[in-house]
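Plus 1 on top of the position in the sequence shown (first one is 1) and you've got the working numbering. Step one of this worksheet: look at the structure below.
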Amino acid sequence: MNRVGYGAMRLAGPNVWGRPADPEAARAMLRSAVELGVTLFDTANAYGPRTVNQLIGEALKPWPEGVIVGNKVGAGRGPDRSWILTHHPGTVRRQVHEALTDMGTEASELTYLRLAGDTPGVGSEVPLEDALGVLVELREQGLVRRIGLSGASPEMLARAQRMTPIAAVQNRFNLLDRSGVQVLAACEAQGILFVPYFPLGAGRLTDFVELLAPARRLGATPAQVALGWLLRRSPAVVVIPGTADPGHLRSNVAAAGVADRLTDAEVARLTALADESKATLGA
Ligand SMILES: NC(=O)c1ccc[n+]([C@@H]2O[C@H](COP(=O)([O-])OP(=O)(O)OC[C@H]3O[C@@H](n4cnc5c(N)ncnc54)[C@H](OP(=O)(O)O)[C@@H]3O)[C@@H](O)[C@H]2O)c1
Numbered sequence: 002m003n004r005v006g007y008g009a010m011r012l013a014g015p016n017v018w019g020r021p022a023d024p025e026a027a028r029a030m031l032r033s034a035v036e037l038g039v040t041l042f043d044t045a046n047a048y049g050p051r052t053v054n055q056l057i058g059e060a061l062k063p064w065p066e067g068v069i070v071g072n073k074v075g076a077g078r079g080p081d082r083s084w085i086l087t088h089h090p091g092t093v094r095r096q097v098h099e100a101l102t103d104m105g106t107e108a109s110e111l112t113y114l115r116l117a118g119d120t121p122g123v124g125s126e127v128p129l130e131d132a133l134g135v136l137v138e139l140r141e142q143g144l145v146r147r148i149g150l151s152g153a154s155p156e157m158l159a160r161a162q163r164m165t166p167i168a169a170v171q172n173r174f175n176l177l178d179r180s181g182v183q184v185l186a187a188c189e190a191q192g193i194l195f196v197p198y199f200p201l202g203a204g205r206l207t208d209f210v211e212l213l214a215p216a217r218r219l220g221a222t223p224a225q226v227a228l229g230w231l232l233r234r235s236p237a238v239v240v241i242p243g244t245a246d247p248g249h250l251r252s253n254v255a256a257a258g259v260a261d262r263l264t265d266a267e268v269a270r271l272t273a274l275a276d277e278s279k280a281t282l283g284a
């Protein structure tokens, strides 16, 4: 798997809600990502909602061998547009079927259950086991091939693993926000893919001053160094930077080469910018 993937959320337009102003440009971005060798695409029923999954289906089908689309279910937006969990088993089941319809596929290679271990104030009355049980059932029916979690605390990951193997965890983690570090360690120890979301700090890291020196030395951009640091931080990591800019997409894919050229001292200095021992999920 290419360790630089593509996060498709930003194709939905502002606030992850709505339709892209130029759907053909969005489809072209997705096809261009495949041409550049991206093999992990990230999406969710909630993006658009459904619009991004439909664009992925239109742009990528038939999917080239090796391409995996990771789709998140179990979250949406309430009437005031705040994020909510939608863990009722019937809703989770419906969302998986909707994603298959929207993307025009018979099975999902990777479906994540969105939890709220990293989002204070957001929760669900439905026990994690009930929502996850639906994905286990759908895997047994052949509709889901791999199960992942997003926004999982270490305890949630352990509870989920008592029910089913977990192939990937997608938690918030970047140079400035290490809240997912304990889960990263668990993933690394168990050979689970760790997919940090907001790898560029939702854009905040693209001109972060601490990245300028290594970027200058390598003839790279700060964004590439931020992604490169993540790739060097753990072999479990696959990044999914989000962009609606074709040039940024090319530059992000090239960050794998920048990762290889960062010195150990540069990686260590960037790692030391945050105290990981104080990082707690949800902090
Ligand atoms: N599990 C979850 O709850 C969750 C939450 C949020 C996001 N996600 C996933 O994670 C993915 C990544 O998150 P994200 O897109 O919100 O944030 P991000 O990847 O940290 O940052 C994206 C921002 O950085 C800019 N950017 C990207 N590449 C750049 C480059 N090479 N140079 C300069 N600017 C660059 C983008 O603007 P341009 O468009 O101008 O390039 C955009 O504003 C999403 O697409 C989504 O799939 C998951």
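Just so you know, even glycine gets a beta-carbon here, dropped at the ideal spot from N, CA and C. Bear in mind that the values here come from a model prediction, so they are computed numbers and not experimental data.
Check                                                                                                                                                                          : Outcome
Hey, is Met-10 close to ligand 1, as in C-beta under 6 Å from one of its heavy atoms?                                                                                          : yes
Considering only the beta carbon of each residue, do Val-93 and Gly-75 sit closer than 7 Å?                                                                                    : yes
Within this structure, are the beta carbons of Glu-139 and Val-97 separated by less than 7 Å?                                                                                  : Checking the sequence, you will find Leu at residue 139 rather than Glu. Yes, they are a contact pair.
Assuming the contact rule is C-beta atoms closer than 8 Å, Asn-54 and Ala-100 should be a hit. Round their C-beta distance to whole Å, please.                                 : 5 Å
State the Cα-Cα distance for the pair Val-127 and Arg-218, rounded to the nearest angstrom.                                                                                    : 51 Å
Going by the beta-carbon positions, is the gap between Leu-133 and Ala-161 smaller than 7 Å?                                                                                   : yes
Short check: CB of Val-170 to CB of Leu-201, under 7 Å?                                                                                                                        : no
For Ala-26, tell me which candidate among Glu-277, Pro-155, Arg-262, Ala-245 has the shortest Cα-Cα distance.                                                                  : Ala-245
With a threshold of 6 Å on Cβ separation, who are the neighbours of Thr-272 within its own chain once the five nearest residues in sequence on each side are excluded?         : none
So which of Leu-263, Gly-258, Arg-179, Pro-247 has the shortest CA-CA distance to Leu-213?                                                                                     : Leu-263
CA-CA distance, Pro-215 and Val-254?                                                                                                                                           : 18 Å
Measure the alpha-carbon distance for Gly-124 versus Gly-118 and round it to whole angstroms.                                                                                  : 8 Å
Give me, in chain order, the residues of the same chain whose beta-carbon lies closer than 8 Å to that of Arg-28; leave out the 5 immediate sequence neighbours on both sides. : Leu-56, Glu-59, Ala-60
Considering Cα atoms alone, identify which of Met-164, Ala-237, Gly-152, Ala-159 is closest to Val-135.                                                                        : Met-164
Can you check DSSP and say which residues form a bridge with Ile-167?                                                                                                          : Answer by DSSP bridge pairing: none, since Ile-167 is not bridged.
Return yes when at least one heavy atom of ligand 1 lies under 6 Å from the C-beta of Asn-46, else no.                                                                         : no
So Leu-177 and Ala-275 are supposed to be a Cβ contact under 8 Å. How far apart are they, rounded?                                                                             : 6 Å
For Ala-45 versus Tyr-7, is the C-beta distance shorter than 7 Å?                                                                                                              : no
Output needed for Thr-281: all residues of its chain with C-beta closer than 7 Å, excluding positions within five of it in sequence on either side, in chain order.            : Ser-180
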